[in-house]
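Trainee: In my numbering, the protein residues as written are 58 to 330.
Just passing along the structure, written as structure tokens.
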Amino acid sequence: MKHNIFEKDDIEFIENEVKTNPIFRYYGIRVANVQKLNSRDVICVSDKNLIMVKGNSFTAYQHIKERHSYWTTHIYPKGKGFWAQSKFPSEIAPVDYIKIADQIYCEENFLVNNEHQDSDKFEKYLGKYTFPNNEVDTMNLILYKGTKIIHSLYPQNKKYNKLKNRENFPYARGIIEIKKSNIPNVKNVEIPYFDSNLKLKYVILIEKYLIKKLEEWRILAIDENGKYKFDVKIGEQKLMEFSGETSERITYQHCDLRHIENIMKKIDNGEIK
């Protein structure tokens, strides 16, 4: 794998693994912990013999999950902003990818005139799929040419990506951090924002006072050297409690914070100092 996608020798290795390993006679996930697999390891083979491989950030299962999962935390710079790539709805889990691919893979969905820039390496299938929320969308299935190895799978519509209407906001939310404060009985939630050069520009800091049952919100402005510059207090409210840290992380990672993000824009414009 010299160029981030599978080369001829990789494809031969994968196809030979499917032929010779008896476990792939059975439909379903091969192992529970996909993270332990190597990039060329096969996860599963579908009823239509489509092959889902672990891959990497540029191809196969890992690529699909990192780029098109509703819950992804990966950000992709584009010029002075970020790509608003299409995403699956929140109900779709990675285990569903192979089932969706199987439904799209049929002769009538094959795209004869494939205008993909790498059409010499890939072939494309385009078909309708009904999600559990009863929304119908056009799905793109990309296979390595002349094989049944899945390169990518994604919806045509970008409606599940919250960045799709955010062209005027130049930052993207990074991965949430939850830390113990130096102050007793206080927990900090830090929500970072990065520019298109992936430099930290702002942090939304939530200081949770566990005994007082309240939380204070503020924006930390970060300078070009990654150091604290100044902060703007947003306000305080009753402590928001969660069933566990995972629930807390997911909520802050994906909740609508546009009212606070608009304050960042005002700081950028010099309206707030």
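Where is the CB? At the ideal position from N, CA and C, for every residue including glycine.
Give a yes or no on whether the C-beta atoms belonging to Lys205 and Asn106 are separated by under 8 Å.
Mentor: Within the sequence shown, the letter at position 148 stands for residue 205. Within the sequence shown, the letter at position 49 stands for residue 106. Contact: yes.
Trainee: Give the list of continuous beta strand (DSSP E) stretches no shorter than 3 residues that lie fully inside the segment 83 to 141.
Mentor: 99 to 102, 108 to 110
Trainee: Output the residue ranges of the beta strand (DSSP E) runs that lie fully inside the segment 156 to 235 and measure 3 residues or longer, sorted by chain position.
Mentor: 179 to 187, 193 to 201, 207 to 212
Trainee: Using the three-state DSSP reduction, which class does Pro249 fall into: helix, strand or coil?
Mentor: Position 192 of the sequence shown holds residue 249. Note: Pro249 maps to strand in three-state DSSP.
Trainee: Would Leu198 and Ala158 qualify as a contact pair, given that the criterion is a beta-carbon distance under 8 Å?
Mentor: Counting from one through the sequence shown, the residue named residue 198 turns up at place 141. Counting from one through the sequence shown, the residue named residue 158 turns up at place 101. Going by C-beta atoms, Leu198 is nearer than 8 Å to Ala158.
Trainee: Between Leu267 and Val243, is the Cβ-Cβ spacing less than 8 Å?
Mentor: Taking the first residue of the sequence shown as position 1, residue 267 is located at position 210. Taking the first residue of the sequence shown as position 1, residue 243 is located at position 186. Yes.
Trainee: Pull the bridge partners of Tyr259 from the DSSP assignment, please.
Mentor: Your numbering for residue 259 matches position 202 in the sequence shown. Listed as beta-bridge partners of Tyr259 by DSSP are Tyr250, Ala278.
Trainee: Helix, strand or coil for Ile291, going by three-state DSSP, please let me know.
Mentor: The residue given as residue 291 occupies position 234 in the sequence shown. Correct three-state label for Ile291: strand.
Trainee: Cβ of Tyr154 within 8 Å of Cβ of Met109?
Mentor: The residue you call residue 154 lines up with position 97 of the sequence shown. The residue you call residue 109 lines up with position 52 of the sequence shown. Cβ atoms of Tyr154 and Met109: closer than 8 Å.
Trainee: Just the C-alpha distance for Ile317 and Gly292, rounded to the nearest angstrom, thanks.
Mentor: Indexing the sequence shown from 1 puts residue 317 at position 260. Indexing the sequence shown from 1 puts residue 292 at position 235. Cα-Cα distance, rounded: 11 Å.
Trainee: Is Asn171 near Glu165, with beta carbons less than 8 Å apart?
Mentor: Residue 171 sits at position 114 when you count from the first residue of the sequence shown. Residue 165 sits at position 108 when you count from the first residue of the sequence shown. Not in contact: Asn171 and Glu165 (Cβ atoms no closer than 8 Å).
Trainee: For Glu264, which three-state DSSP category applies?
Mentor: Position 207 of the sequence shown holds residue 264. Correct three-state label for Glu264: strand.
Trainee: So Val251 packs on Ile132, CB below 8 Å; how close in whole Å?
Mentor: For the purposes of this step, residue 251 is taken as residue 194 along the sequence shown, with counting starting at 1. For the purposes of this step, residue 132 is taken as residue 75 along the sequence shown, with counting starting at 1. What sits at residue 251 in the sequence shown is Phe, not Val. Contact flag correct, Cβ pair sits at about 7 Å.
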